[in-house]
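So the sequence shown is numbered by this note's numbering: it starts at 41 and just counts up by one. All C-beta atoms, glycine included, are put in the ideal place defined by N, C-alpha and C.
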Amino acid sequence: MEEKRERFYATFFDKDAVLKLSHWAGILAWVALGVHLFTTGINFFQFMQQFVTGIFYQKGMSILDLISFFNPYLLQFLPGVIQFFGLKFVENALLILLDMEESARRSARNNK
């Protein structure tokens, strides 16, 4: 059974604009995560080249000093992960709000 789709001007959202925005938020989430992981990988690779050649070694270093060299590289991709989950939240929240509006509109039509 097909419903007749007519433009209802009392809606909160333009369905096509919300779907586009949601789609682009999802794409941007993956791009942000990919860029952060790529730059973290490049930086870690450069660090490992310098670390292996002995540039960072100093006489009298303890194991804790060596471990502290790796801390920034373990945390560098964290902003990308936070941005990823934030944009995915925006994407899904927009779709949920659009679905809520569609459901309210459908129930209002059925009560007429």
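{"Query": "Test: ILE107 CB closer than 7 Å to a CB of chain B", "Result": "You won't find chain B in this structure, because it holds only one protein chain."}
{"Query": "Whole runs of the alpha helix (DSSP H) within the segment 103-141, excluding any shorter than 4 residues", "Result": "103-115"}
{"Query": "Cβ pair count under 8 Å reaching 3, the segment 69-85 against the segment 134-147", "Result": "no"}
{"Query": "7 Å Cβ cutoff met for ALA72 and PHE124", "Result": "yes"}
{"Query": "Cα-Cα separation, THR93 to LEU115", "Result": "23 Å"}
{"Query": "ASP56, DSSP secondary structure in three states", "Result": "helix"}
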